[in-house]
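Read in numbering that gives the first Met the number 0, the sequence shown has 191 at position 192, and its numbers run on one by one without any break.
C-beta: ideal position from N, C-alpha, C; glycine also.
Here the structure is a predicted model, which is why all the values come from computation and not from measurement.
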Amino acid sequence: MDFQIWDFPGQLEYLEPSFDQEELFSNLGALVWVIDAQDDYLEAVTRLNKTILMIQQYYPHINIEVFIHKVDGLSEEYRSDTFQDIVQRISDELSDAGYENAPIHYYLTSIYDYSVFEAFSKVIQKLIPQLSTLENLINILSNNSGMEKTYLFDVLSKIYIASDTRPVDMACYEMCSDYIDVIVDISELYSWDHPDRKAKGPQVSEAESHVILHDKCMIHLMEMNK
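In structure tokens form, the structure reads like this:
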């Protein structure tokens, strides 16, 4: 699966006639719009509404994903109020324009936890045609092996491409992500070539590891390249 990410700065007026909208939007699968929850977001919401209206008119296949970002600095009550205010402003504008059920999804995100990885995972999964097949295969693996939760990760980004259909447990997801970091760090320490190194026992090309936690739960990692 090959994905391209195009990053547009906030001040770029891409809806102006000088930009080729067909070139920019015709092949997009998803538009991710990031709103700073700690800033004055009214202008950002206004620009987002203009963009959504254009997309709904000409490119309705595009998924619209709104990240309400930097929520870590807000109180629980203010975070909820901000979320509801942004959603309401967007919904009212689209409703007035005749778009009642535009494909918009909202996420509360922060760089200080794993919420942004979770959000991007959901965005990517919607772009994978084989997602249901992957989920079925992972369900079979989980049921036959007795695993409580199974993820298929992209190691570099820590985005999970698919998982079994049980509800996502953020604590479990965070532990798996941290374990990937541990394995990557160890691999970088010990995988360098050494002319005098002698292999001991059978060697494998893909990483495999497991750890048993204090509560007797096990995290098992198996690398897959195909």
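Residue i - DSSP class collapsed to helix/strand/coil
| i | result |
| --- | --- |
| residue 154 | coil |
| residue 160 | strand |
| residue 137 | helix |
| residue 119 | helix |
| residue 110 | coil |
| residue 89 | helix |
| residue 82 | helix |
For residue j and residue i, believed in contact at Cβ under 8 Å, the rounded distance
| i | j | result |
| --- | --- | --- |
| residue 207 | residue 220 | 7 Å |
| residue 70 | residue 109 | 6 Å |
| residue 31 | residue 66 | 6 Å |
| residue 34 | residue 68 | 6 Å |
| residue 157 | residue 176 | 5 Å |
| residue 161 | residue 137 | 6 Å |
| residue 154 | residue 179 | 6 Å |
| residue 174 | residue 218 | 6 Å |
| residue 47 | residue 89 | 7 Å |
Buried or exposed (CB count within 10 angstroms, at least 16 for buried), residue i
| i | result |
| --- | --- |
| residue 5 | exposed |
| residue 107 | buried |
| residue 60 | exposed |
| residue 170 | exposed |
| residue 64 | buried |
| residue 150 | buried |
| residue 120 | buried |
| residue 111 | exposed |
| residue 152 | buried |
| residue 245 | This structure does not reach residue 245, given that the chain is present from 0 up to 225, and the question cannot be answered. |
| residue 116 | buried |
| residue 172 | buried |
| residue 181 | exposed |
| residue 113 | buried |
Limits of the alpha helix (DSSP H) - the one that residue i falls within
| i | result |
| --- | --- |
| residue 173 | 169 to 189 |
| residue 2 | Here residue 2 belongs to no alpha helix (DSSP H), and DSSP marks it neither H nor E. |
| residue 74 | From DSSP, residue 74 is part of no alpha helix (DSSP H); its letter is neither H nor E. |
Bounding residues of the beta strand (DSSP E) (the contiguous stretch that carries residue i)
| i | result |
| --- | --- |
| residue 105 | 103 to 107 |
| residue 220 | 217 to 221 |
| residue 207 | 207 to 211 |
Contact with chain D by residue i, beta-carbon distance below 8 Å
| i | result |
| --- | --- |
| residue 48 | The chain inventory of the structure shown lacks chain D, comprising one protein chain alone. |
Continuous alpha helix (DSSP H) assignments of at least 4 residues falling wholly in the segment 13 to 61: 20 to 24 and 41 to 57
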